[in-house]
């Protein structure tokens, strides 16, 4: 593969990546509209950078930032799956694996394999890096809901108990202090919107 | 400063950062609407990650990714400045410096100083890291215009000569191959939209 062919392949991937800006999430931005997965990916990478000092021993912050940048790229083909929505998880996993094949497959082979391995690691959530990335991914959405007086919690009729069951475990597995920080603030917003 | 106070300060910064999703750029996304500076920052960081193999000797890719994540954060207060628009550059620099004071100033002091230094380095464009970041920042906008059959080139009546004068130098200073790749594609789009 020549240098020009490498650049052609990489630019095809980067042009395709633009489509992530059109994938909408359940969460909302402060201005009130739905958030897209590209700006969410930026915000998540910034969470990793800013909150790095709270990461468990052994976490490689720069690897986690790279994970954050690509963690949602499969949504270009597979769409976003709201955490409190009804989901066929087997179909979702199949769709996302097919999307990863196609999208990373646009890149030169060695780079495709490296980034696919990083995405697979994120999805498996078994390493400390992936668990820190997943914790912050789960942490971003409730924080958007703090900014928007409930945001997607209103739309999905979410309770503190559902947060305790679905959101708290992946956060506390990596950094318990993030959930301790969030819980009273989420409880206060939920109490106001349930009135 | 206690751990909780550190986290409070960091979360205040991360909540404030949400506002970058409401800052619109001259460029457009593939779907046709104007791009915001948060999704642009994600795309730029992804350009750095994907095109790292073309970087000049001595570039630290992970430092440049960090630069990309914060390079436009000052636009929350100072707004975006279209490269082909009429701009009071002294006022813009003052506004951005004030924005950097306020925004990074939300963070714990040591972290604020580190990120401010990284942003100042990007702005000065004197190190190889900053020059690679600037080259890719300049490279993203014309690529959005390739995706949107001219995009902001139509709105600002841009010619190939203006691209040669304003866009090519910061790109070729770091990676000449990026401009060689772009030039004929930009020329073809410009020829079509000038008809």
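Chains as they are written, first to last, in my numbering: chain Z, 439 to 633; chain B, 439 to 633.
For glycine and all other residues, C-beta sits at the position ideal for the given N, C-alpha and C.
Comparing alpha-carbon positions, the option among 480/Z, 479/Z and 463/Z lying closest to residue 472/Z turns out to be 463/Z. In the structure shown, residue 527/B falls within a helical segment according to DSSP collapsed to helix, strand and coil. For residue 627/Z, the closest C-alpha among the options 461/Z, 617/Z, 614/Z and 586/Z is that of 586/Z. In the DSSP assignment, residue 564/Z falls outside any alpha helix (DSSP H), carrying neither H nor E. Pairing residue 479/B with residue 506/B gives a Cβ-Cβ distance under 8 Å. The DSSP-derived three-state label of residue 623/Z is helix. For residue 591/Z, the CB contacts under 6 Å within the same chain, skipping 5 residues up- and downstream, are 583 in chain order. Around residue 590/B, no beta-carbon contact reaches into chain Z at under 8 Å, the shortest distance being about 14 Å. Fewer than three beta-carbon pairs drawn from the segment 598 to 618 of chain B and the segment 525 to 535 of chain B are found closer than 8 Å, and the two stretches are therefore not classed as touching. Residue environment: residue 558/Z is assigned as exposed (fewer than 16 neighbouring CB atoms within 10 Å of its CB, all protein chains considered). Judged by DSSP secondary structure, residue 598/B falls outside any beta strand (DSSP E) and instead within the alpha helix (DSSP H) spanning 598 to 604. In the structure shown, the three-state DSSP call for residue 584/Z is helix. Residue 579/Z places its beta carbon 8 Å or farther from that of residue 572/Z. The beta-carbon of residue 574/B is placed no less than 8 Å from the nearest beta-carbon of chain Z. A direct Cα-to-Cα measurement between residue 503/B and residue 549/Z gives close to 17 Å. When rounded, the separation of the alpha-carbon atoms in residue 624/Z and residue 575/B is 37 Å. 473, 474, 476, 477, 479, 480, 481, 483, 484, 485, 487, 488, 489, 491 and 492: these are the residues of the segment 472 to 499 of chain B whose beta carbon lies less than 8 Å from some beta carbon of chain Z, given in chain order. Against chain Z, the CB of residue 467/B has a partner CB under 8 Å away; the residue lies at that interface. Counting other Cβ atoms within 10 Å of its Cβ, residue 613/B reaches 16 or more and is therefore classed as buried.
Taking the Cβ atoms as the reference, residue 537/Z lies roughly 12 Å from residue 508/Z, outside the contact range of under 8 Å. Rounded to whole angstroms, the gap between the alpha carbons of residue 560/Z and residue 565/B is 33 Å. At the C-beta level, residue 547/B and residue 534/B stay beyond 8 Å of one another. Note: residue 481/Z is not bridge-paired with any residue in the DSSP secondary-structure output. DSSP places residue 469/Z outside both helix and strand once states are collapsed to three, so it counts as coil.
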